[in-house]
Amino acid sequence: MRIGSGFDVHAFGAGDHVVLGGVRIPHEQGVLAHSDGDVVIHALCDAIFGALALGDIGTHFPPADERWRGADSRQFLRHAALLMAQHDFKLGNADITVICEAPKIGPHAQAMRERLAADLECGIGRISIKATTTERLGFAGRREGIAAQACVLLERA
Ligand code: MG
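For the record, in the sequence shown the residue sitting at position 57 is 56 according to my numbering, with numbers rising by one throughout.
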């Protein structure tokens, strides 16, 4: 078995929605990002790359590369899934925590789990989405940005 962890942050900016776990969520702000700024998928990809000891998301999808401008982050996740399979691993489970004051994550958690499970070709029961605030402390508490952390366990396929 292998374990991995990932963490990602994007600052809020102008916009009317955020994308989290592949789900478009209406919000009073967007995020500043080269891609779609999906912190859930970015943290999850980094956890998978970490478990495989294959660098990080910036190694595989350099932010300076114009190909990834406005990219749907689900393609990053599908690439991580491909690498996992090529290295003879499958997802045991993933546990993800979104850190923000808003938007509310709970109403969208099931849809996020479904999309992540589809991209990772695993059962939804292997994917956990949780959320927390930081009690109005720090950048998340000041609503300056949104963060996510992910832990994964990989098993031999
Ligand atoms: Mg990111």
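Glycine included, C-beta positions come from ideal geometry on N, C-alpha and C.
Contacts around R135, its chain only, beta-carbon distance under 6 Å, and the 5 residues preceding and following it disregarded: none
Helix, strand or coil at Q148 according to DSSP, with G and I counted as helix: strand
Close Cβ partners of F138 (< 6 Å) along its chain, the five nearest in sequence each way excluded: G144
G5 - containing beta strand (DSSP E), residue span: 1-12
Which residues DSSP lists as bridging D45, in chain order: For D45, which the question treats as bridged, DSSP gives no partner whatsoever.
Cβ contact check for the stretch 146-154 and the stretch 95-112: 3 or more pairs under 8 Å: yes
Span of the alpha helix (DSSP H) around T96: Run containing T96: none in the alpha helix (DSSP H); it sits in the beta strand (DSSP E), 88-98.
With 16 other Cβ atoms within 10 Å as the buried cut-off, status of A84: exposed
Cβ contact check for the stretch 101-116 and the stretch 46-65: 3 or more pairs under 8 Å: no
Contact test: D94 Cβ vs the ligand MG heavy atom, cutoff 6 Å: no
Endpoints, beta strand (DSSP E) assigned at T131: 126-131
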